[in-house]
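Engineer: Residue numbers (my numbering), protein chains in the order written: chain A, 1 to 317; chain B, 318 to 537; chain C, 538 to 1020; chain D, 1021 to 1696.
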Amino acid sequence: MTHEWLTQLAQAALVLGLAPLLSGVTRKIRARLLRRQGPSLVQPYRDLLKLIRKEAVIAENASWLFRAAPYVIFATTWVAAALVPTFATGLMLSASADLIVIVALLGTARFLLALAGLDVGTSFGGIGSSREMMFASLAEPAMLMAVFTLSLFAGSTELSSISAYMLGPNAGVSISLALALVALVIVTIGENARIPVDNPATHLELTMVHEAMILEYSGRHLAVIEAAASLKLLLYLSLIACVFIPWGTALSGAGVLAYAIGLGAYAIKLAALAFLLVMFETATAKMRVFRVPEFLGVALMLGLLGTIMLFVSRVSR
Amino acid sequence: MTPLDSDIAHLLAGSLVLVSFVLLYQDRMFALLNFFAVHACVLALSVGWQAYLQRAPHLFITALIALLFKGVIIPVALHRIVVRLGIHRTIESVVSIGPTMLFGMALVALSVVVMLPVTQSAGAFVREDLAFALSVVLLGFLMMVTRRNAVSQVIGFMSLENGLVLAATGARGMPLVVEISVGFSVLIAFLVVGIFLFRIRERFDTVELQALDMSRGESA
Amino acid sequence: MSVSVGSVALAGLLGTPAFGALLLAAIPSYRVAAALNMALCALTLVCAGLLYSHRPERSLYLLVDDVNTIFLIIGALVGFTTSVFSAGYIAHEVQSRKLRSRDLRFYHALYQFLMFAMDLALVSNNIGLMWVGVELATLTTVVMVGIYRTNAALEAAWKYFILGSVGIGLALFGTILVYLAGQEHLGEGMPAMAWDRLAAHSAGFDPALLNLSFVFLLLGYGTKVGLVPVHAWLPDAHAEGPTPISAVLSGLLLNVALFALLRFRLIMAGNSAVLSPGPMMVTMGALSLVFAGFMIYRRRDIKRMFAYSSIEHMGIITLAFGLGGPLANFAGLLHMAMHSLTKSAIFFGVGYISQLEGTQRIADIRGLTHSQPLLGWLLVVGVVAIAGLPPFGIFTSEFLLVTSTFARSPWLAILLVVGLMIAFSALALRLHGLAFGKTDKHHTLPAWRLIPMALQLGLVATAGVYLPGAVVEWFRHVADQLG
Amino acid sequence: MSLASPSFLSQLAVTGVGLLLALAALGILAARRSLGSRLIYAACMLICSGLAVVALAALLAPHSRSEAIELTVGLPLGRTLLGFDPLSAAFAVIINLASAIVSGYAIGYGVHAREPQRVVPFYPAFIAGMNLVLLAQDAFSFLVGWEFMSLASWALVVSEHTSEDNRRAALVYLIMATGGALTLLLAFGLLAGPEGGYAFAQIRRAAASGAGPVVLILALVGAGSKAGLVPLHAWLPLAHPAAPSHVSALMSGVMTKVAVYGFVRIIFDLAGPPSWWWSVPVLVVAGVTALLGVLYALMEHDLKRLLAYHTVENIGIIFIGLGLALAFEANGLGVAAALALSAAIFHVFNHSLFKSLLFLGSGAVLNATGERDMEHLGGLIHRMPVTAVAFLAGCIAISALPPFNGFVSEWLTFQAILVSPQLPQWIPRLLVPAIGATLACSAALAAACFVKAFGMTFLGRPRSDAARAASETDRWSQSAMLALAGLCLLAGILPGFVIDGLAPVTQMLVGARLAPQSTQPWLRIIPIDPARSAYNGALVFVMILIAAAATAFVVRRLASNSLRRSPAWDCGFPDSSPATQYTAGSFAQPIRRVFGSVVFRAREHVVMAKPGEISTARLHVELHDTIWETLYLPIIRVVDVMADRLNRLQFLTIRTYLTIVFAALILLLMIVGAWR
């Protein structure tokens, strides 16, 4: 019991600490691939601190929702991220919130973010919110379909059980899993405002989505939102890691050594995934807004296909 | 009753049907009126014969009514109306005479057919008599629907009603026959007076109702 | 003791209107006549009420049994309420110069005579007498329909007269045939015309004669009932005549004719060999239901519209009786009673409306719930009731009818439901136009004049929620007889 | 009535209904002055609360004193039985709870009605009708209550009778409601059999052999038209908004639930044992309904119409649960059936809460601004803070987002979907994943829909003077809305108790129940087995609170807490005119482009000014209500044509009529002649 709590807390702290680093790493890799020097790995931490120290400037007609939203968004994202086993399974909370809950928590965060984008009443905020919700209307079901596939495969919707099952002997390779993986990757790209769906690094571009929503934010609010964004990216990557490359993850109650190994393995997995992600990003070009639904629609179709295959192939436990 | 009696009864009833056909055949107004008078007289004879057969004196009253009212008064009245309304030219009938006659034949056949299954117990006399009466009724009805002219339609109705009286008197010992015939006479008086009062030439066949409906916003 | 009371009541039931007709014929002033008219109707109602508890012994001519007591009472009641309504209505018509007192010379006398004729038809145990009653009633109404002397009114009256007389003839022929059928077993003369004996002995009658007779009776009396295809006179007679007469026509005369048909249906029911009359009645009923439903859509005259609604309901009832079976027959009887109460009430309302608005054109009438709330809402209630929604009696009968039908012949039930829907949609469509909408008119109508309408609708609502056990027993008994 | 009598609770409930009817009568007089109507609404609130308590007692202690009582009134040939069983008790709790709160709202709101005498008398009658449907234990009183409910709500819909649209709405509603009732009439006719055993007990004993499929179709049409299943939903988005808002809340939040009850009662209770394929039509219709409902809602700019359309979507979700339950029950998978059924009824409960809440909020907005069109609203969060908070809670809840209640029922439905591979048949196996995808899709679209609803109404800058001049509503309305919001949250974080409350229902209908939840450690819910799935709303909620609080705390410690207000930046192109904001239409545009082109045959075309011509460019959007055009218009046309054709018969000549009579006579004679 107690060490479940400890793992949970460690986990929460870990994701919180690691998230900015991850975005730092991605930026660095990206810059290197583009033959640039790029900022240092800890630059995101600096940015956050700087933003937090700055005076916050908000529009005259911004409501309390505008000011409260960042914290709630951050909190929900953080809780969701803390639910994904990173270096060890058997977390305290994963027994009380499963994969569907994680998806839904991200949905709550998105909901509030979209509202915040509408709050000031600017045209850019509106663009951002409406497009974000349009993407979500395809990305979320795609994600859920991938979740279905996994949980039918593992006979459970709990991440700990799922990754434990994946570690276990009777986890075979299945076409459904591959489909789910592809769907999950596409959703990851779409949900984290990466190229080719959105560009995290731009401003003043009509196609921007995420940046348009948070356009009116500044100072600490902006900092919190940025942190939430990087947490989200981390969440998706560690989700993929714990399900599809579970090796090294420590089972609950294993010894300290196992935990250490798990930690190391986790770091390597993250780095690898980040590299792959950036590779993909740099290899592709940003697509027009109304191409994106087709992109995400593919994910939905794949996820559905995987689920149906499982439905007809085996009786779930 | 002796066979002869019933044969006479049959003869009279049959001749009534025959006169109905003649009525159906007529296309001259005055001739139609005269032959209706004949129709009434034949009916009166037949009713009287029944009265004699059934020893039912009250039927004589019916016969008398038929003779006087329908045989004399009504034709005369109609005659004047016809003159008054100036419709003594010809009777434009909806269907031409030939088909009408054929259809009339068919009607007689039909009435015979529907009477066939009537059991013998009712007595052959009743059966045939009913068949004749039914034919008269149907022929009268046919006349009503094939003539455009009010007066000839009234005549059709009256011949229909003659058929009814024939049937009623044919039914042995049927009560209220006299009252019924009186009632019908009143009815017919209504009709004739109606035609006379409302100057109904073509009213049976009018399109005025439609016009009125239009004016009342009843059109589609 | 009760016997004598009963016979006195019966004498009163027939004597009051007969004598009243003579009396009223002698009274020139229509005001006095109207008052007297109400008094006489009240007296008739009392007599009818007495018959509820005291039955006179049957004779060859007259008969009071479960079947007709109900209709006697309802008839007397509606007759009375209509006389009350008629008093106010006629007064208004005279004020507004629509009628001259000369036209009204025999109006009330005829009204009483009509009552007499219908009571006669109801209580007669003699099929000839019944025929006479129905025909007298028809001819009386012919005269009353034409009372406005307008071209349209004369048209309607004339149409009614012609079609009616043909119906008379056919009905008579049917009656003669029944007599012939009975005569073989019951001997010549009166006994062979006494309904109860005919019904009792019909088992041995010649089926061929009975079949033939029923054809003629169905068409003859069906003309009076207003069944499609022999309905043509009905809408115009309702629309062009004075509204009290429309109320009596829809509320009573149709019922009386249908009652006559029922009597013969009972005779037929006794004989197993006959071609069952069910299918014929079902066909005509369904035809009337659907046809009238469609006709309502295009009506622009409010009274014609409700006249078609009467055709629709007569169709439903005929269909129910044609279907047979305890439940359906029960439903049919209940529906007859409820319909006559509701429809006459609606016609009261329509009469007031056309007087207040000065028109019968539906298009010109709107927002009644605003311009005259009480009247408007009563109309809404009436239409809701006639459309067969709870908590009104017609819903009960339609519930029984539809449920019992669907279990036996689904397609018929579906047809029935479709027909109901067609008619209902049409009525609802018109109701929204009449009762609601923007209007700045404000009519004043003394509340007491709405009492008859409210009373009858109240009765219908009560019947929808609760029927006294005795009444249920009667209906059930009759329904079982009908087979 | 004595406390000891075996039908004590039923007697209480019937008394309550009687009181409501009496109130309706009183209302005719009381409506003249505002105090009177306030009192009526207050009385409604009290009675409904009482009824809710009674029903709860009947639900939690099923066999104690809730026998049906027989009344002497009602169907002449049948017996009138009124009483509670677990099913009706559960729905009675849901309905009366919502009704009570809505009545409380009406105490404040109801006095704004333009013609109160057209509203106040029918309001209690409406509630009475719904309760009668639930209490009925025989077909006749069921249908009487059903029609009574429709009739009263029709009167309420037409209460604003001066507007043409409302009259049309009322007409469509009345016609479709009656059609549905007649369909149910047929269904009961089939169940009751030719000699008419109308009492539910008799029907159960008869167990309708072979009649099942027909009954299923009839129930789908009859109850579905009332509930708003596509394609029978046409009346719903017309009628619900037309009524005064507190009535809209009842119609959308409560009456549709009565319809669901009707379906459950007929199919699960009366129609006898189901066969697996029954679930197929139900699931298909439900999926279509869920998706189309939310898409319709997204295209709507009228706040109340949007909410009404969204009711259609939720009904779809409910029926998905019911369909799954049917499939499981038919295959003897008791627990799974119990899970699906609990999910469905849980969603019924949730929807009754948040849809009422949202309609009440829209009523408050309508009252404050006189506007229903979102294009003329905006910025109300500043002027109506309380309403905004409550409405936001409703939006989050209805979008199925944790920690509110909407998520729990949807989560349960997903769990039910995830156990459906146990179904032996292939068709449901192929169908269910698609249904799951539909459900997920509609949930995401619902979120979009309510971002739009809340954002356009409460956020941004006011788009009209009315919105600029708005002010907060009265205390009664506020507290009612807050109460509903609180219930939404409570049901979201303590779902275990609700699920346990539904156990008797599932026990009664599918003969199985979920494991007791409220006794689980940490208040979590475990539908089937802890290793499989679990959800702990309370814990998640607490964690979010803690995390948010901690973050806020830390940031405040580190940050310079200074805050400066300045004009909106908007990427350097600030525009003072509110017209430059995103509108409801522009918000929905991307989704319309993605989904609408198929469903609504949506077409956009831009009309540009010709070169050298001075005129504004215009964007025209055309949407088609495909269902109305393909299903309803043809029927209307057919009726029209028939009416025209037959109408000619009104204008024939007397001779022609005689000919017809003659023909009829000949025909009949020939029949008789032909008959031997």
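The beta-carbon is built from N, C-alpha and C at its ideal position, and this holds for glycine as well.
Note that this is a predicted model, so its numbers are computed, not measured.
(1) Could you tell me which of A:LEU251, A:ILE52, A:GLY155 and A:THR2 sits nearest to A:ASN170, measuring between CA atoms?
(2) When the cut-off is 7 angstroms and only beta carbons count, does C:ILE713 lie next to chain B?
(3) Grouping DSSP H, G and I as helix and E and B as strand, with all else coil, what is A:ALA88?
(4) Check D:LEU1353 in the structure and name its three-state DSSP category.
(5) Shortest alpha-carbon distance to C:LEU735 belongs to which of C:ALA745, C:LEU723, C:PRO744 and C:LEU746?
(6) Hey, would you say the C-beta of B:SER498 is under 6 angstroms away from at least one heavy atom of the ligand ATP?
(7) Can you list the alpha helix (DSSP H) stretches of 4 or more residues lying completely in the segment 23 to 84 of chain A, in chain order?
(8) Where do the ends of the alpha helix (DSSP H) carrying C:ILE705 lie?
(9) When the distance is taken between beta carbons, is D:GLU1333 closer than 7 angstroms to D:SER1170?
(10) Would B:MET418 pass as an interface residue toward chain D - the criterion being a Cβ-Cβ separation below 7 angstroms?
(11) Taking Cβ-Cβ distances shorter than 8 angstroms, what residues in chain B pair up with D:VAL1073?
(12) Pull up the distance between the alpha-carbon of D:VAL1153 and that of C:ALA562, whole angstroms please.
(13) Can you pull the chain D neighbours of A:GLY190, defined as C-beta to C-beta under 8 angstroms?
(14) Helix, strand or coil for D:ALA1622, going by three-state DSSP, please let me know.
(15) Given a cut-off of 7 angstroms on the beta-carbon distance, is the pair D:LEU1443 and D:ALA1532 in contact?
(16) Starting from the Cα of D:PRO1524, find the closest Cα among D:PRO1405, D:GLY1307 and D:LEU1076 and give me that residue.
(17) Whole angstroms is fine: what's the gap from D:PHE1208's alpha carbon to C:PHE943's?
(18) Helix, strand or coil, according to DSSP, for D:SER1586 in the structure here?
(19) Please work out which residues of its chain come closer than 6 angstroms, Cβ to Cβ, to B:ARG401, disregarding the five sequence neighbours upstream and downstream, and give them in chain order.
(20) For D:ARG1584, return the contacting residues in chain A, with the cut-off set at a CB-CB distance below 8 angstroms.
(21) When you compare the CB of D:LEU1049 with every CB in chain B, is at least one pair closer than 7 angstroms?
(22) Would you tell me roughly how many angstroms separate the C-alpha atoms of C:TRP668 and D:ARG1099, rounded to the nearest one?
(23) Pull up the distance between the alpha-carbon of D:PRO1456 and that of A:GLN8, whole angstroms please.
(24) Judging by CA-CA distance, which residue of C:GLY557, C:VAL583, C:GLY543 and C:ARG639 is the nearest neighbour of C:PRO593?
(25) Can you tell me the Cα-Cα spacing of C:VAL631 and C:ASP901, whole angstroms?
(26) Roughly how many whole angstroms lie between the Cα atoms of D:ASN1370 and D:ASN1116?
(27) Relative to the alpha-carbon of C:TYR845, which residue among C:ALA857, C:ALA806, C:LEU771 and C:LEU905 has its alpha-carbon at the smallest distance?
(28) Measuring CB atoms only, is the segment 1576 to 1595 of chain D touching the segment 1423 to 1431 of chain D, in the sense that at least three cross pairs come out at less than 8 angstroms?
(29) Relative to the C-alpha of C:ALA1016, which residue among C:GLY778, C:GLY612 and C:LEU864 is closest?
(30) Compare the Cα-Cα distances from A:LEU273 to each of A:ALA180, A:GLU294, A:ALA241 and A:GLY255 and report the closest residue.
(31) Output yes if chain C places a C-beta closer than 7 angstroms to the C-beta of D:GLY1038; else output no.
(32) So, does the CB of A:VAL292 fall closer than 7 angstroms to a CB anywhere in chain D?
(33) Determine the direct distance from the alpha carbon of C:ALA963 to that of B:MET531, and round the result to whole angstroms.
(34) Reducing DSSP to helix, strand and coil, say where D:ILE1089 ends up.
(35) Who does D:ASP1322 pair with in a DSSP beta bridge?
(36) Can you list, in chain order, the residues of its chain with a C-beta nearer than 7 angstroms to that of D:PHE1470? Leave out the 5 residues immediately preceding and following it.
Structural biologist: Let me lay it out:
(1) Looking up residue 170 of chain A in the first sequence gives position 170. Comparing alpha-carbon positions, the option among A:LEU251, A:ILE52, A:GLY155 and A:THR2 lying closest to A:ASN170 turns out to be A:GLY155.
(2) In the third sequence, counting from the first residue as 1, residue 713 of chain C sits at position 176. Chain B, which has a Cβ nearer than 7 angstroms to the Cβ of C:ILE713, makes this yes.
(3) By 1-based counting over the first sequence, the position of residue 88 of chain A is 88. Assignment of A:ALA88 by DSSP, reduced to helix, strand and coil, places it in the strand class.
(4) For this step, residue 1353 of chain D is matched to residue 333 along the fourth sequence. Reduced to three states, the DSSP call for D:LEU1353 is coil.
(5) By one-based count along the third sequence, residue 735 of chain C stands at place 198. Of the listed residues, the one whose Cα sits closest to C:LEU735 is C:LEU723.
(6) In terms of ligand content, the structure shown is empty, and the ligand ATP therefore cannot be addressed.
(7) List check, alpha helix (DSSP H) in window: 43 to 53 and 64 to 82.
(8) Residue numbering aside, residue 705 of chain C sits at position 168 when the third sequence is read from its first letter. It spans 688 to 723 - the alpha helix (DSSP H) in which C:ILE705 sits, taken as one unbroken run.
(9) Taking the fourth sequence and counting its residues from 1, the one referred to as residue 1170 of chain D is at position 150. Taking the fourth sequence and counting its residues from 1, the one referred to as residue 1333 of chain D is at position 313. With contacts defined as CB atoms closer than 7 angstroms, D:SER1170 and D:GLU1333 fail to qualify as a contacting pair.
(10) What you label residue 418 of chain B is simply residue 101 of the second sequence in a count that begins at 1. Taking a beta-carbon distance threshold of 7 angstroms, B:MET418 does not count as an interface residue toward chain D.
(11) The count along the fourth sequence starts at 1 and reaches residue 1073 of chain D at position 53. Ordered by position in chain B, no residue passes the 8 angstroms Cβ test against D:VAL1073, which lies about 58 angstroms from the chain.
(12) To locate residue 1153 of chain D, count along the fourth sequence from 1; it is residue 133. To locate residue 562 of chain C, count along the third sequence from 1; it is residue 25. C-alpha separation (whole angstroms): 56 angstroms.
(13) The residue labelled residue 190 of chain A in the question sits at position 190 within the first sequence. Contact of A:GLY190 with chain D by beta-carbon distance below 8 angstroms is absent, the smallest such distance being about 12 angstroms.
(14) Reading the fourth sequence from its first residue, position 602 is the one you call residue 1622 of chain D. Coil at D:ALA1622, not helix or strand.
(15) Position 423 of the fourth sequence, counted from the first residue, corresponds to residue 1443 of chain D. Position 512 of the fourth sequence, counted from the first residue, corresponds to residue 1532 of chain D. In this structure, D:ALA1532 does not lie closer than 7 angstroms to D:LEU1443 by Cβ.
(16) In the fourth sequence, residue 1524 of chain D corresponds to position 504, counting from 1. Residue D:LEU1076 is the option with its Cα nearest to D:PRO1524.
(17) As a position in the fourth sequence, residue 1208 of chain D is number 188, starting the count at 1. As a position in the third sequence, residue 943 of chain C is number 406, starting the count at 1. Cα-Cα distance, rounded: 9 angstroms.
(18) For the purposes of this step, residue 1586 of chain D is identified with residue 566 of the fourth sequence, where counting begins at 1. The answer is strand: DSSP assigns D:SER1586 an E or B state.
(19) Residue numbering aside, residue 401 of chain B sits at position 84 when the second sequence is read from its first letter. For B:ARG401, there are no CB contacts under 6 angstroms within the same chain when 5 residues up- and downstream are skipped.
(20) Here residue 1584 of chain D corresponds to residue number 564 of the fourth sequence, with the count starting at 1. Listed along chain A are GLU55, ALA56, VAL57 and ILE58, each with a C-beta nearer than 8 angstroms to that of D:ARG1584.
(21) Numbered from 1 along the fourth sequence, position 29 holds the residue referred to as residue 1049 of chain D. For D:LEU1049, the answer is no, since every Cβ of chain B falls outside 7 angstroms of its Cβ.
(22) Position 131 of the third sequence, counting from 1, holds the residue named residue 668 of chain C. Position 79 of the fourth sequence, counting from 1, holds the residue named residue 1099 of chain D. If you take the alpha carbons of C:TRP668 and D:ARG1099, they lie about 41 angstroms apart.
(23) Here residue 1456 of chain D refers to the residue found at position 436 of the fourth sequence. Here residue 8 of chain A refers to the residue found at position 8 of the first sequence. Contrary to the premise, residue 1456 of chain D reads as Gly rather than Pro in this sequence. Cα to Cα, D:GLY1456 sits roughly 31 angstroms from A:GLN8.
(24) Here residue 593 of chain C refers to the residue found at position 56 when the third sequence is read from its first residue. Selected option, being the one with the closest Cα: C:GLY543.
(25) Here residue 631 of chain C refers to the residue found at position 94 when the third sequence is read from its first residue. Here residue 901 of chain C refers to the residue found at position 364 when the third sequence is read from its first residue. Using only the alpha carbons, I get a separation of about 23 angstroms.
(26) Here the question's residue 1370 of chain D lines up with position 350 in the fourth sequence. Here the question's residue 1116 of chain D lines up with position 96 in the fourth sequence. The C-alpha of D:ASN1370 lies about 14 angstroms from the C-alpha of D:ASN1116.
(27) Within the third sequence, the letter at position 308 stands for residue 845 of chain C. Check the Cα spacing between C:TYR845 and each of C:ALA857, C:ALA806, C:LEU771 and C:LEU905: the tightest is with C:LEU771.
(28) With the cut-off at 8 angstroms, the segment 1576 to 1595 of chain D and the segment 1423 to 1431 of chain D do not touch.
(29) One-based indexing of the third sequence puts residue 1016 of chain C at position 479. In terms of Cα proximity to C:ALA1016, the closest of C:GLY778, C:GLY612 and C:LEU864 is C:LEU864.
(30) Here residue 273 of chain A refers to the residue found at position 273 when the first sequence is read from its first residue. Checking every option, the nearest Cα to that of A:LEU273 belongs to A:ALA241.
(31) Here the question's residue 1038 of chain D lines up with position 18 in the fourth sequence. No, because no Cβ of chain C sits closer than 7 angstroms to the Cβ of D:GLY1038.
(32) Counted from its first residue, the first sequence places residue 292 of chain A at position 292. For A:VAL292, the answer is no, since every Cβ of chain D falls outside 7 angstroms of its Cβ.
(33) To locate residue 531 of chain B, count along the second sequence from 1; it is residue 214. To locate residue 963 of chain C, count along the third sequence from 1; it is residue 426. For B:MET531, the pLDDT reaches just 41, beneath the cut-off of 50, and the residue's location in the model is therefore unreliable, although a value from the coordinates is still provided. Those two C-alpha atoms are separated by around 21 angstroms.
(34) The count along the fourth sequence starts at 1 and reaches residue 1089 of chain D at position 69. Strand at D:ILE1089.
(35) If you number the fourth sequence from 1, residue 1322 of chain D lands on position 302. Answer is D:ASP1393, bridged to D:ASP1322.
(36) Residue mapping note: residue 1470 of chain D aligns to position 450 of the fourth sequence, counting from 1. For D:PHE1470, where only same-chain residues beyond five positions count, the Cβ hits under 7 angstroms are CYS1415, ILE1418 and SER1419.
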